[in-house]
């Protein structure tokens, strides 16, 4: 059976998730290619990176036009992120070759997926904490003056680049969390815009490395892009109308199952892990709803209506007033 149409659909779904949340590109695409379509792990990584080179500029262009890219942070990320992503490809190849390599790559990708889950949970927690302490309005006046931390930013580029080059996972789910920790006063849209822009040359370097070693399947990458590009655009258009938290929790559940599967966990462990994340997301949503209801202003008590004056008393009151004026 020809798998072209299913791969296009998979690309569209992943692109939609990326446009909606800014996360989940490689973390979703690579395990889908491996577990659903039976693609070799190294070929799945290389093809996903090749597709991302053409997919990420769409989101980056939107943020550039909106002025939500911190170019000073980008300039400190790229000197380490680009060579690290390129070198990560050859570090992956140092794990071996043949079937042994493919099996080891599955474990590496599974570990990266579980790190991505931790990163997504950390990001949601940091977002909640930021909203509770500062509020969206409190950040607007300070964001432009947030100083760059060069050493921390260079280290983020190094660590993130190696992980992306080896697994294609982390350009959105891991690096953005590390940026949040290094620059906690940076606004959310600036974090996303900065991460998207720096990811373009980083992912391109990783894709080039995989092309040189023969991992990337350009035909597979092109098939993914047929669905991914309109998916990204559609997800970006509806992102303001859909509850992003619900989608992020759905991604957490999916990545948990994918990561545990790559790590060869038992069916019981995979099921318990997914159910645990789903329960955590449900409890968080219930608590957020109760907190929102508790913080909503209570309606002011209505003033009781003034007692109606009996029309029969009006003539008496008028007569009493006239008698008083005569006297």
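In the working numbering, the protein residues as written are 757 to 1083. We treat Cβ as the ideally placed atom computed from N, Cα and C, and that holds for glycine.
Nearest-angstrom Cα distance between residue i and residue j?
{"i": "residue 821", "j": "residue 953", "result": "12 angstroms"}
{"i": "residue 868", "j": "residue 916", "result": "11 angstroms"}
{"i": "residue 1045", "j": "residue 1038", "result": "11 angstroms"}
{"i": "residue 942", "j": "residue 1003", "result": "23 angstroms"}
{"i": "residue 795", "j": "residue 789", "result": "6 angstroms"}
{"i": "residue 791", "j": "residue 927", "result": "21 angstroms"}
{"i": "residue 976", "j": "residue 865", "result": "19 angstroms"}
{"i": "residue 832", "j": "residue 910", "result": "6 angstroms"}
{"i": "residue 974", "j": "residue 855", "result": "22 angstroms"}
{"i": "residue 1015", "j": "residue 1026", "result": "9 angstroms"}
{"i": "residue 1007", "j": "residue 978", "result": "24 angstroms"}
{"i": "residue 1105", "j": "residue 852", "result": "Residue numbering for the chain in the displayed model covers 757 to 1083; residue 1105 lies beyond these limits and cannot be assessed."}
{"i": "residue 1035", "j": "residue 809", "result": "35 angstroms"}
{"i": "residue 823", "j": "residue 857", "result": "43 angstroms"}
{"i": "residue 997", "j": "residue 777", "result": "12 angstroms"}
{"i": "residue 986", "j": "residue 1043", "result": "35 angstroms"}
For residue i, which residues from the same chain have a beta carbon less than 6 angstroms from its beta carbon, with the 5 sequence-adjacent residues on both sides left out?
{"i": "residue 882", "result": "936"}
{"i": "residue 825", "result": "819, 949, 950 and 953"}
{"i": "residue 921", "result": "841, 844, 845 and 962"}
Any idea what DSSP makes of residue i, helix, strand or coil?
{"i": "residue 767", "result": "helix"}
{"i": "residue 958", "result": "helix"}
{"i": "residue 794", "result": "coil"}
{"i": "residue 883", "result": "helix"}
{"i": "residue 922", "result": "helix"}
{"i": "residue 941", "result": "coil"}
{"i": "residue 1069", "result": "Low confidence applies to residue 1069: its pLDDT is 48, below 50, so where it sits in the model is not reliable, and the reading given next is rough at best. Helix, per DSSP."}
{"i": "residue 1021", "result": "coil"}
{"i": "residue 776", "result": "helix"}
{"i": "residue 742", "result": "There is simply no residue 742 to check, as the chain begins at 757 and stops at 1083 in what is shown."}
{"i": "residue 808", "result": "helix"}
{"i": "residue 903", "result": "coil"}
{"i": "residue 856", "result": "helix"}
{"i": "residue 1048", "result": "helix"}
{"i": "residue 1002", "result": "helix"}
{"i": "residue 892", "result": "With a pLDDT of 45 at residue 892, under the threshold of 50, the predicted position of this residue should be treated as unreliable, though the coordinate-derived value follows. If DSSP states are grouped into helix, strand and coil, residue 892 belongs with the helices."}
{"i": "residue 823", "result": "coil"}
{"i": "residue 930", "result": "coil"}
{"i": "residue 971", "result": "coil"}
{"i": "residue 803", "result": "helix"}
{"i": "residue 898", "result": "Note on residue 898: pLDDT 49, under 50, position unreliable in the model; the coordinate value appears next. Coil, per DSSP."}
Taking C-alpha atoms, which residue in the options lies nearest to residue i?
{"i": "residue 863", "options": "903, 830, 776 and 925", "result": "925"}
{"i": "residue 876", "options": "1009, 801, 962 and 993", "result": "1009"}
{"i": "residue 830", "options": "932, 974, 1005 and 1016", "result": "932"}
{"i": "residue 944", "options": "909, 886 and 990", "result": "886"}
{"i": "residue 761", "options": "983, 903 and 1005", "result": "983"}
{"i": "residue 903", "options": "834, 827, 836 and 878", "result": "827"}
{"i": "residue 913", "options": "967, 969 and 956", "result": "956"}
{"i": "residue 967", "options": "802, 769, 1043 and 997", "result": "802"}
{"i": "residue 906", "options": "835, 858 and 971", "result": "835"}
{"i": "residue 817", "options": "1021, 1047, 1048 and 992", "result": "992"}
{"i": "residue 859", "options": "1041, 793 and 1020", "result": "1020"}
Taking 8 angstroms as the limit between beta carbons, can you name the residues of its chain near residue i, skipping five residues before and five after?
{"i": "residue 988", "result": "771, 772, 774, 775, 811, 814 and 815"}
{"i": "residue 972", "result": "799, 802, 803, 805, 806, 963 and 966"}
{"i": "residue 1033", "result": "873, 1005, 1008, 1009 and 1012"}
Report, in whole angstroms, the separation of the C-beta atoms of residue i and residue j, which I expect to be a contact under 8 angstroms.
{"i": "residue 838", "j": "residue 958", "result": "6 angstroms"}
{"i": "residue 782", "j": "residue 758", "result": "Not really, about 25 angstroms apart at Cβ, beyond 8 angstroms."}
{"i": "residue 981", "j": "residue 767", "result": "7 angstroms"}
{"i": "residue 787", "j": "residue 861", "result": "With a Cβ gap of about 12 angstroms, residue 787 and residue 861 do not count as contacting."}
{"i": "residue 849", "j": "residue 969", "result": "6 angstroms"}
{"i": "residue 888", "j": "residue 908", "result": "Residue 888 to residue 908, Cβ: 24 angstroms. No contact."}
Apart from the five residues on each side of it in sequence, which residues of its chain come closer than 7 angstroms, Cβ to Cβ, to residue i?
{"i": "residue 1030", "result": "1009, 1012 and 1013"}
{"i": "residue 930", "result": "871, 872, 875, 916 and 919"}
{"i": "residue 990", "result": "772 and 775"}
{"i": "residue 800", "result": "786, 789 and 790"}
{"i": "residue 879", "result": "932, 933 and 936"}
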